[in-house]
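Read top to bottom, the protein sequences are chains E and D.
FYI, the numbering for the first sequence is 71 to 308, going by our numbering.
FYI, the numbering for the second sequence is 473 to 764, going by our numbering.
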Amino acid sequence: MTALLEVKGLTAGYGAAPVLHDIDLSIEQGQIVAVMGANGAGKTTLLRTLSGLVKPTSGEIRLDGADLRTTKVEQMVRRGIAHVPEGRGVVTELTVDENLRLGGLWRSDKADARKALDEVYELFEPLARRKRHPGHQLSGGERQMLALGRALIGRPRLMLLDEPSLGLAPRVIAQIMALLRDLRNSTGMTVLLVEQNVRSALSIADIGVVMSLGRVVTRNDAATLRTDDELRHAYLGF
Amino acid sequence: MDRFIFLTFDGLSRGAVYAAFALSLVLIWRAARIVNFAQGAMAVATAYAGYSVATATGSYWLGFAVALVGGLLLGAGVERVVMRFVDHSSPLNGVVVALGLVLVIQAVLGMIYGNEFRPAGAPFSRDAFVVGGVALLSRFDLWVFAAVIAVVALLVLLFTRTAVGLRMRAAAFAPDVSRLLGVNVGGMLTLGWALAAAVGSLAGMLVIPTELGLHPNAMDIVFVSAFTAAVVGGLDSAIGAVVGGVIVGLLLSYVSGYLGATVAPIAVLVLLLVVLLGRPGGLFGSVKARAA
Ligand SMILES: Nc1ncnc2c1ncn2[C@@H]1O[C@H](COP(=O)(O)OP(=O)(O)OP(=O)(O)O)[C@@H](O)[C@H]1O
Ligand SMILES: [Mg+2]
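Spelled out as structure tokens, the structure:
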């Protein structure tokens, strides 16, 4: 079986000095992969490079075997990649409904975009009650629902999530993790989940990847990382 | 009392034009966070083109259409060829480039058409209807109101009811997020400039026949009034631009009517100062976003 996402020797950064060094990463269809690591390890930069916001200086990124490096950012969503950025990327000046519709504007299948929108309102009841509210009035949890829901309207094959748990109560984090697992199970969606909240991320992940100083330092089955005290100590510090 | 009524109607018809022109400044501000100081010169350039076609073909309306389409093209061109390459990390850069553009456009117009006033005809009579001895509005004034109301309505519909309007707003507020959602952000910016310049051209076609005629500097004074209107309204708000335009139009009319035309420019500057000191965000400035 060939990987859905295949990253080889990826080097990228913002100026002259690279932030990511020689990253190799392979993700199979339907996997949930958790990327962990200290602040500044390069997790966000990795996601931004995958979705084209940061241009790699060398290395390969392939989706289903096709080169992604020359794909424009605005084309990524058409290739099936949804990137929910750090801080969630709710457009605070737009209403909840406008934010969600924005997630489906690129789609040519308008009927299914409409259906997906209804599904999101069903899935996230609080959003349905706040359709006309501007984004800046939403709570942190509601914003996370909005960002996730907006991504789901594109029916992505690969979801890139940057710290969805940031600033949320433990109960809400657990709900979001359960939702991601359910979505994967029901739709076969692949998830690349960047998380500081290691326990939550490992609770649903199949694979755990630890980054440090722009490199992948270990890649293991999540089950192993959960249970092997020595490994966890060495790489995750608890 | 008659004088007051006359001045009020006069102020409203001036205000409508300032509103349209302020709207064009607001459109660019919302799309690109630039105050386009070249808007007046761009509008004049398209008015020259429009009147050239009108004279050559004998059809005012063909010339009018050429001016508006010229505005679309000139706006798109300025964004694509000039503004796109300006480093916008400092807000002043865009302003300086816009001012440079004013000099270039006015010099080119002077070379092609000369620096004297040329007559600019109006499509409707400018003789006011007289009601009870008071000169109220002319047919041309009614045309100005209708055109401005139509353009405001069309813009509101565009931004609130259409997919492209939603894309334009999202692209302006959150470019990276919009790109991740498949929006062609660069294209939306070009479209924003094109629309804004076309609205500016419309304002030019509405105001130039009421002033001394076509001249490379014909919109300079109008620009100051419209800029004040836009700032009074909050720069960010279309409604604000319209209300600001009416306020400035009435102010100018009353001040020049009761105190003399020479005082009018000072009154505009005083208004600008009062608003900036008292309510720096303008009357309709947007609400601050909730901190993340
Ligand atoms: N826009 C930028 N310009 C220059 N350097 C940047 C930029 N964004 C991030 N960096 C640098 O790149 C490195 C990696 O940052 P990145 O945001 O990818 O880390 P992260 O793992 O996501 O951290 P966190 O857990 O704090 O979100 C850091 O040293 C950071 O200073
Ligand atoms: Mg980060």
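Built from N, CA and C at the ideal position, the CB exists for glycine as well.
Taking G173(E) as the centre and dropping the five residues before and after it, the same chain places the C-beta of R220, A221, I223, G224 closer than 7 angstroms to its C-beta, in chain order. Taking T72(E) as the centre and dropping the five residues before and after it, the same chain places the C-beta of G135 closer than 7 angstroms to its C-beta, in chain order. R590(D) sits in a strand when the DSSP states are folded into three classes. Per DSSP, M229(E) is not a residue of any alpha helix (DSSP H); the beta strand (DSSP E) it occupies stretches across 228-232. Note that the C-beta distance between L117(E) and D232(E) is below 7 angstroms. For K142(E), DSSP records no beta bridge to any residue. Your pair L581(D) and F481(D) does not check out as a contact, with CB atoms roughly 33 angstroms apart and the cut at 8 angstroms.
By the C-beta density criterion, N109(E) is exposed, having fewer than 16 other C-beta atoms within 10 angstroms. Sequence-distant Cβ neighbours of A521(D) in its own chain, meaning closer than 7 angstroms and more than five residues away, are V538, A539, G542. The distance from the Cβ of D94(E) to that of K113(E) is about 16 angstroms, inconsistent with a contact at the 8 angstroms cut-off. When secondary structure is reduced to three states using DSSP, L117(E) falls in the helix class.
Any Cβ of chain D closer than 7 angstroms to the Cβ of G173(E) would place that residue at the interface, and such an atom is present.
Between L707(D) and the set A488(D), L495(D), A528(D), M583(D), the nearest pair of CA atoms involves L495(D). Contact check for D613(D) against S485(D) passes: the beta carbons are separated by less than 7 angstroms. Approximately 5 angstroms separates the beta-carbon atoms of L544(D) and A670(D); this is inside 8 angstroms, confirming the contact.
In terms of Cα proximity to L686(D), the closest of T700(D), A713(D), R590(D), A607(D) is R590(D).
Taking 6 angstroms as the cut-off, one finds at least one heavy atom of ligand 1 near enough to the beta carbon of K113(E). It is roughly 40 angstroms from the alpha-carbon of A217(E) to the alpha-carbon of Y490(D).
Apart from the 5 residues on each side of it in sequence, P737(D) sits with its Cβ closer than 8 angstroms to the Cβ of I693, V696 in its chain, given in chain order. For T529(D) and I680(D), the gap between their C-alpha atoms comes out near 20 angstroms.
The Cβ atoms of I151(E) and L228(E) sit closer than 7 angstroms to each other. With contact defined as three or more Cβ pairs closer than 8 angstroms, the segment 81-98 of chain E and the segment 279-296 of chain E are in contact. With 16 or more other Cβ atoms from the protein chains shown falling within 10 Å of its own Cβ, H153(E) counts as buried.
Taking a C-beta distance under 7 angstroms as the contact criterion, G483(D) and L741(D) do not qualify as a contact pair. When 9 angstroms is used as the limit between beta carbons, N508(D) is near no residue of chain E, the shortest such separation being about 21 angstroms. With a cutoff of 7 angstroms on beta-carbon distance, A503(D) and L627(D) are scored as not near each other. For A607(D), the secondary structure class from DSSP, reduced to helix, strand or coil, is strand. Annotation: the continuous alpha helix (DSSP H) that includes R639(D) extends over 635-645. According to the DSSP secondary-structure assignment, R269(E) is paired through a beta bridge with no residue.
For K78(E), the uninterrupted beta strand (DSSP E) segment begins and ends at 75-83.
Here A600(D) is bridged, per DSSP, to S610(D).
Boundaries of the alpha helix (DSSP H) around E212(E): 210-222.
Here A515(D) is actually not in contact with M640(D); their C-beta atoms are around 21 angstroms apart, not less than 8 angstroms.
By the neighbour-count definition (other C-beta atoms within 10 Å, threshold 16), S270(E) is a buried residue.
Your pair E144(E) and V655(D) checks out as a contact, with CB atoms roughly 6 angstroms apart and the cut at 8 angstroms. Residue ranges of uninterrupted alpha helix (DSSP H) with 4 or more members, entirely inside the segment 684-754 of chain D and ordered along the chain, are 692-705, 710-730, 736-750.
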